[in-house]
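Beneath this line is the structure, given in C-alpha cells, with notes to follow.
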C-alpha cells in the first residue's frame, strides 16, 4: 500500500513563516566560446555577461581556494561564477531539489554516491562533445589527459558526464630515521609493517604505528584498501556482495595488530588525530588518508618534517593497493551556459590549476601531468606512492545505502580491536552487514 | 581553635579546590590559544612560553571566524526579539488577566520545554527543506524560538506575579485600561527582569548546537558550528580552535555575569527565585 | 468590562507560534513515522508501514544499548552532581566572605556552550599532549577506551553542570530563616545536626527541581558526545539522541528517525510528569 504523506503542518508553517526565496536569473550571454585564452594557460573562451552558479559542499581550504579560482576565471573570460556552498549533509538534497525544480545551477560538484542517480534522471549534460572539441581545449588537452580509471567513474550509459578532481587515497608513511636507527629495512609489505610496529612500539615514548580507529569513514577506507590488496572488494558490478570471509578476516587481523601498536586512544582517532600524533613524533609509522598526511611535512605543524618515507599498502611486494577517493564535476542539463561551464571545468581540473589546489589543500588532481609536476612533488612527497596505490584501487563505495553498511563494518573493526570479536567473527559481521544492505 | 573555625576553614578549602577544578580547563585553553604548535605539542606542560598572536590572526584572518560571530549575533538577536515581543504579553496575560484555561496553557508551555531538540530537529529539517528555508537565518531564528519563547513566558510571568497588584489597579483608575497598565506600569517595573530574560535568551541561542548543525547553511553557520568544524575533517588545529573557543567564550562570560542574579531563575523556568 | 478578551489576544500569538514551531512539527513527525521513507525520496510516494518503525525500534539492539548508556549517564551524572553540588553549596553557605566572587567563577562552566566544553576536555584529556597526560606522565586514551569513555563523558557533564546544582541549592539554603539557626544554636546543636535537622529538609524542593531539570537535560545529551566520541568506541557511548541523529542525517532513514524521536519525546514526558507530580505535591511549582 502506498500513500502520499500528510501535508497539513506544512501549510500551517507556510502561512506563518514563509519568506520569499530568491532565484537565480539567467541572463543571455554574449561572447565566443571558441575564443583562445586571454593568456597562455588561462581558461578558454569569452563569456561576457554569463552568470554561472556552482554548487559544492562547504569546507575549507577548498571553498576559499575555489573562490579565488572563480574570480580568476571571471577576469579572464568576462563571465561571473558564484559559489553556493552548503554543508555536505544537505548537499544532495539541495542539488536534487534545485535540478528537478526551477534550476539555477550550472556546475555541480557531484559525489560518487549520487552521480548515478543524477545521470539516470537526466539532470546532467553529457560532455563528450566538449572533451573532443579541439577549439574548446588547450592544445594537447583531451579526455586522454585524465587518469583513465578515474575519468571512467564519471561515465553513465556510455556517455561521459563528469570530470574528476579531489583525488586522495590511503597510504603508509614511515620514519626513515627511526627505521635506520633500529636497523630495520624500510617496510615493503603489510606483514613487515605489523612486525616493525610491534618491534618499535614503546621505544622512546613512541608508538609503533598511528592509524584511524574512530567510526568516521577512514576505517572503512583502509579496510577497503586491505581488501583491494587481496583482489577482493565489498561488492561486484551487479552490486551484490563479493566480500570474501577469509580475506576480510586477514584484513581485520592486520588492523588489530596495527592497533595493538598504536598510541593509546586509537579508537577515538580520526585521520587528523593520527596525523597529529605522527607529526609530533609519537609514532614510527602511520596509515591514513593522503590529505591528512600533508600535516607530516608542514614544518609549522610537524616536528618530524622531512623524515618520512611513503609507500602504498600491499600484502605482497609489487601488488600495491589503495582506495580511490574522488569527486565529480558535472554540468547541469538545464544550464543555459554549458559552454562557459565546460570552460571553467576544463581549466579548473587541468594539471596546472590542480597543482595550486594541491599546494593549499594536499588533495590531488586527476590528470596525468599533475603527477609529474615538480612543485607538487616537492610539496607532497607521497605523490609517487599515491600514484602507485591508485593503479590498483577501487572507488570509494557510492551506493545510497552504503553509509549504514560502512558504519557496521567500522563497528566490527572496533570490536575486533577491543578483543570482543575474533578477526573471523568480525569478518562474518562484515559479510552480514554488506549482505543486509545490498542483498545477494 | 574553636570547632566553628574549622568548619569555616574547611569550607574555604572545599570552595577553593572546586574553583581550581572549574578554572583549570578554561585557563589551559586560554593559554593554548597563545602558544605556538611547539609549545602545545610537548610532553611537559609549558607554563613559560613566548605568547604569539598567530592563532588569533589565523582564526580572524584566513578562517574568518568573525563570520560565525556575526551569524550567531544575528540569530541570537532575532530569536530573542521575537520571543520577547510575542512572549512578554503572553506572560502578562497568564499572570494577571482573566484567561480561560490559564493553568492549562501554562502547563502546555512548560511541556514545550521538555521536548528534546532532537525530536524537533528531524521534522524541522524536512519542513524547512520543503519550504526552501534550509540554511536561512529564518530557519535558525524559528528553531531557537522553540526554546526561548517558553523561557520568556515563564520567567516574565514570575516577575509579573511579584508586582503588587494595587499599582496596576491605580493606573486603571487613571483611565489607562488594562493594556495601558501593562505597558506603562508593569513593563517599566519589571525592566530589570526583562533585561535579564533577554540576556538569557541571547546566551541559550549563542550556545545552541544541534539545530544550528542541521539547519544552518554555509553563510549562516553559528559559533558552535564554527568551533566544531575546527575539530574538523582534515586537521585538528589546537591553537586555532583554542583561539576560536576563547573568542566565543568572552561574550558569554560578559553576558552571564551581567545576568548572574537571574541565572538560576532562568535555568529553572522561574521555579527557583535565586 | 471592555477588556474582557484582552488576555486572550495577548496570549494568542505566543500559542500560535508554539503550535507552529513545536506542536505542528511533532505531529508531522508522528505522522511520517508511520511510513518507511528515505530523505532522498521526499517527493516520491511513501510506503505506509503503520507501526513497523516502532516494532523495529523495540527489536533494535542498538536502541537497547543506547538507552542503557543513556540511563547510566543520567544516573551517575545527576547523582554525582547532586552530592558534589550539595557539598560545595554548603561550603559556600559557611563562608563568611567572598561568596559573591566565588559564585561568579563557579557559574562559568554552565554558561559555556557544550561544544566548547567538549573542546576544553578533549584537549585536557588528550592521551599524548593533554594537561593530564603531561602532568602525570601517563598516556591514557580516555575517549578511546570502551571502559573509560562513558565515565569521561560523565566527568565532563559533572564539570559543566555541578555549578547549576550549587547555585540552586545555595539559593535554597540562603532562604532559610535565621531564627531557625538561632533556635538550634541555643539548643547547642552542632553543625552536622543543624544540616540534618534544618538545612536538608528545607532544601528538598530545590533538590527536586535539580533532579527534574538535570534528568531531562542529561537524557537528551547530544552536543558533547557528538564532538568527543561520536558514540564510540564501538557503541560504548552511543546515546539515544545521537542514534536518532545518525539514523536521520547519516543513514537518511527518516521514517525510523522520526519514530526514534517520538520515542525520546514520550519517555521524557513520562519521566518529567512523574517528577512534576512530586513537585506539585510539595507545592514547589505553582
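Protein chains in written order, with the working numbering: chain R, 218 to 657; chain X, 3 to 276; chain P, 2 to 287.
Backbone N, C-alpha and C fix where the C-beta goes; we use that ideal spot for every residue, glycine too.
Quick caveat: nothing in here was measured; it's all calculated off a predicted structure.
Query	Result
According to DSSP, which residues form a beta bridge with residue 379 of chain R?	R:547
Between the region 475-485 of chain R and the region 542-558 of chain R, can you find at least three pairs of beta-carbon atoms closer than 8 Å?	no
Return the chain-ordered list of same chain residues with a C-beta closer than 8 Å to the C-beta of residue 643 of chain R, the five sequence neighbours on each side being excluded.	465, 466, 469, 629, 630, 632 and 633
Select from R:308, R:555 and R:445 the residue whose C-alpha is nearest the C-alpha of residue 533 of chain R.	R:445
Taking Cβ positions, are residue 222 of chain X and residue 94 of chain X nearer each other than 9 Å?	no
What does residue 143 of chain X touch in chain P if you count any residue whose Cβ is under 9 Å from its own?	What residue 143 of chain X touches in chain P: nothing, since even the nearest Cβ is about 10 Å away.
Look up residue 540 of chain R in the DSSP assignment and say whether it is helix, strand or coil.	strand
Taking 6 Å as the limit between beta carbons, can you name the residues of its chain near residue 272 of chain X, skipping five residues before and five after?	156, 157 and 160
Looking at chain R, is there any beta carbon in it that lies within less than 9 Å of the beta carbon of residue 190 of chain X?	no
Exposed or buried, residue 176 of chain X, counting other C-beta atoms within 10 Å across all chains shown (16 or more means buried)?	exposed
Below 8 Å, can you find three or more Cβ-Cβ pairs linking the region 36-56 of chain X to the region 174-194 of chain X?	no
Rounded to the nearest angstrom, how far is the Cβ of residue 226 of chain P from that of residue 238 of chain P, given a contact under 8 Å?	6 Å
Using C-beta distances below 6 Å, list every residue in its chain close to residue 392 of chain R, excluding the 5 sequence neighbours before and after it, in chain order.	501 and 524
Which two residues bound the contiguous alpha helix (DSSP H) that contains residue 330 of chain R?	329-337
Measure the Cβ-Cβ separation of residue 265 of chain X and residue 202 of chain X and say whether it is below 9 Å.	yes
Does residue 624 of chain R get closer than 9 Å to chain P when you measure Cβ to Cβ?	yes
Could you compute how far the alpha carbon of residue 454 of chain R sits from the alpha carbon of residue 615 of chain R?	12 Å
Evaluate the contact criterion for the region 177-185 of chain P versus the region 124-131 of chain P: three or more CB pairs, one atom per stretch, below 8 Å.	no
Checking contacts by CB at 9 Å: is residue 634 of chain R closer than that to chain P?	yes
In its own chain, which residues sit with a C-beta less than 8 Å from the C-beta of residue 112 of chain X, not counting the 5 before and 5 after it?	152, 156 and 271
Anyone know if the C-beta pair for residue 390 of chain R and residue 498 of chain R falls short of 9 Å?	no
For a contact meaning CB atoms closer than 8 Å, what does residue 497 of chain R contact in chain C?	Absent from the structure is chain C; the protein chains it does hold are R, X and P.
How about residue 430 of chain R: is its C-beta nearer than 9 Å to some C-beta of chain P?	yes
With DSSP collapsed to three states, give me the class of residue 60 of chain P.	helix
Going along chain X in order, which residues have a C-beta closer than 7 Å to the C-beta of residue 424 of chain R?	Near residue 424 of chain R there are no residues of chain X at all, since even the closest Cβ is about 13 Å away, more than 7 Å.
Excluding five sequence neighbours on each side, which residues of the same chain lie with their C-beta closer than 6 Å to the C-beta of residue 90 of chain P?	167, 170 and 171
Work out the CA separation of residue 331 of chain R and residue 257 of chain P for me, nearest whole Å.	22 Å
Can you list the residues of chain R that residue 135 of chain P reaches, using a CB-CB cut of under 8 Å?	Near residue 135 of chain P there are no residues of chain R at all, since even the closest Cβ is about 12 Å away, more than 8 Å.
Assign residue 86 of chain X to one of two classes, buried (16 or more other C-beta atoms within 10 Å of its C-beta) or exposed (fewer than that).	buried
Against chain P, with Cβ distances strictly below 9 Å, would residue 620 of chain R count as a contact?	yes
For residue 148 of chain X, count neighbouring C-beta atoms within 10 Å of its own C-beta (all shown protein chains included) and say buried if the count is 16 or more, exposed if not.	buried
I'd like to know if residue 210 of chain X contacts chain P, where contact means its C-beta is closer than 9 Å to some C-beta of that chain.	yes
Please name the residue or residues paired with residue 525 of chain R in a DSSP beta bridge.	R:392
Return no unless some Cβ of chain P is closer than 9 Å to the Cβ of residue 269 of chain X.	yes
At a CB-CB cut-off below 9 Å, which residues of chain R make contact with residue 251 of chain P?	306, 620, 621 and 624
Quick check on the burial criterion: 16 or more other C-beta atoms within 10 angstroms. Buried or exposed for residue 261 of chain X?	buried
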